[in-house]
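See the structure below:
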């Protein structure tokens, strides 16, 4: 009779075997045959093994032995089990081990490492603890091979205290012992302690191998310790460990995380062997510092070399596409995911939602969201933030209600999206209630970002005095973003006097930044106080305050093109500027500010118009807030050329169509 799924579940069996193993271990006469449960008698073991389809080799081996009574037989089976990845492996291993003890076969120092590896791979801490007590009972706790595997079990299960105790009590430590403790500290989130153990090891004149160096380099990366990282790099060169791909990967990761991306890239190019981890370390290193174009370039090189991306690669590439507005490449990645049967849930699904939302396709983001079978707080948050960025506040709040209804607990980022949605939808009372109840109902303590959302919400609604009072009552010091948000609201409502007061606060906070000067200059201009606007710009020049150069991106046929104000480096610059002049000729009444004539977004739109088919939407990503003049011009361009133009600026999305914008003049 085959083992039936209708019997006790594996988890129940697991606990049952643990209890029986404990009983056996507490028996002094280990060599005496013990009675077996009925399901282990009469060749039943192969049927137990048959629940694990990946254990065919072990099953076949045992089935061919009429009466397996030797230690060698069972040791062979256990070694075969530790090479399997089957989910029932812990239960199966304990069954084999239990029968072995029941037949009076005494395990030795070669038996336990295989079992410990099985338990470590499955994070089976309780089973490992039972085995540990048996190791002590048999007096095998002086064997370095057994102790190293026991240390590894505790380390991977996060029991770094137990790992350290074993290490300290064992005098005959070898390199594996030291490396296990170093790796354990690093993975448990104690990189400083990992480095300290390494220093102690080197003081005892042990020579580190590739695994040790890779572990310490990983700790250096987390600590940002470039000096030690460079010392380790020299050690690698001296001891000729540079051919070890794990060491190479760790060096690339260390340099990336320590802010030396060019050193990482140079090292990456010299690696004799590269695996998927090598490519991921470099691609994600570029993503981490905002070098999204270089990340995508490297991804294309990776494809040319025939290296298959994994989930980490795809997530990094999707995040780069989101930041650059590279919709075509993002779509290609989505198709690749579907074509290769990669699960679109979890991190990849969230990255897809984020990519489509930030590339201006909020409808497609919602479709991906709806198709995901498992949605966590990050999934809902990505979608809520997407709706908020696109000014669809009511959709965001409806989704938030759905999230609460099914029991998904919001986090602090979720509330940034919810409050931003209330701001864009003009739902001040609703937004204030959410803010007041964040900590009471949801256990989320308001951070500076949440206070900023409330100020923005009050400012958009014209409640400028209330916004100022709110800022002054905050338990945290307001930052430049908060004061800047209120100054922007002053511009929308022509509140010059309040704006001048706020500008002083901003200049005190950031004397070298242009934000306060630009906002105040715009406020003076919108109030027809052009002399004051000129005075502000003159003050900027006198104080040597540099403006952040505007940069706009547009993707055409899978290639992202970058434009800056007045830039003529593009191969099609002549045609682009001819199109810009055409704007100027046809929209003379709207061109109130000649300084805006060659703003980066206009150059990007001009390139889009000459490079794409009629009626195709244009999607622009800009690093700064879109100016009033360009906003008015783009509205007219959308009507004049019958194009939908989507612009993502520093604060939100603008959907221009038929001469109108989705922001309703508030941004």
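In my numbering, the protein residues as written are 21 to 687. For glycine and all other residues, C-beta sits at the position ideal for the given N, C-alpha and C.
- Collapsing the DSSP output to three states places residue 470 in a helix.
- Comparing C-alpha distances from residue 342 to each of 362, 406, 283 and 322 shows the shortest one belongs to 406.
- Within the same chain, Cβ atoms closer than 6 Å to the Cβ of residue 295 are found at 265, the five residues on either side in sequence being excluded.
- In this model, residue 456 and residue 417 are separated by some 16 Å (Cα to Cα).
- For residue 641, the enclosing beta strand (DSSP E) has its first and last residue at 638–642.
- Annotated three-state conformation of residue 298 is helix, per DSSP.
- In this structure residue 562 is exposed. Its beta-carbon is surrounded by fewer than 16 other beta-carbon atoms within 10 angstroms.
- By the Cβ criterion, the stretch 182–193 is in contact with the stretch 154–171, since at least three pairs of Cβ atoms, one from each stretch, lie closer than 8 Å.
- Annotation note: the stretch 239–302 contains the following uninterrupted alpha helix (DSSP H) runs of length 4 or greater, listed N- to C-terminal: 246–258, 265–277 and 281–290.
- Looking at the backbone, the Cα of residue 232 and that of residue 199 are separated by about 5 Å.
- Bridge partners of residue 97 according to DSSP: none are assigned.
- In its chain, beyond the 5 residues on either side, 647, 649 and 650 have a beta carbon closer than 7 Å to the beta carbon of residue 616.
- Minimum Cα-Cα distance from residue 603 among the listed residues 656, 176 and 397 corresponds to 656.
- Taken atom to atom, the span from the alpha-carbon of residue 597 to that of residue 653 is near 16 Å.
- The beta-carbon separation of residue 403 and residue 389, rounded to 5 Å, stays under the 8 Å limit for a contact.
- The shortest CA-to-CA distance from residue 210 to any of 368, 178, 490 and 516 is the one to 178.
- It is roughly 14 Å from the alpha-carbon of residue 622 to the alpha-carbon of residue 590.
- Per DSSP, residue 651 has no beta-bridge partner at all.
- The three-state secondary structure of residue 524, taken from DSSP, is helix.
- DSSP, reduced to helix, strand and coil, places residue 677 within a strand of the structure shown.
- The C-beta of residue 152 has 16 or more other C-beta atoms within 10 Å across all chains shown, which makes the residue buried.
- Annotation for residue 447: no alpha helix (DSSP H) segment contains it, and DSSP assigns it neither H nor E.
- The beta-carbon distance between residue 667 and residue 642, rounded to whole angstroms, is 6 Å. This is short enough to meet the 8 Å contact definition.
- The criterion of a C-beta distance shorter than 8 Å is not satisfied by residue 471 and residue 434.
- Between the alpha carbons of residue 525 and residue 271 lies a gap of roughly 44 Å.
- The bridge partners DSSP lists for residue 510 come to none.
- Burial check for residue 258: the Cβ neighbour count within 10 Å stays below 16, so the residue is exposed.
- Per DSSP, residue 580 is one residue of the beta strand (DSSP E) stretching across 579–584.
- By alpha-carbon distance to residue 229, the top candidate from 255, 493 and 495 is 255.
- When C-alpha distances from residue 137 are compared across 559, 120 and 176, the shortest belongs to 176.
- Assignment of beta-bridge partners to residue 575 by DSSP yields 580.
- For residue 630, the enclosing alpha helix (DSSP H) begins and ends at 620–631.
- Here residue 646 carries a coil assignment [DSSP, helix/strand/coil].
- Collapsing the DSSP output to three states places residue 668 in a strand.
- Under the three-state reduction of DSSP, residue 393 is assigned to coil, being neither helix nor strand.
- CA-CA distance, residue 197 to residue 431, rounds to 40 Å.
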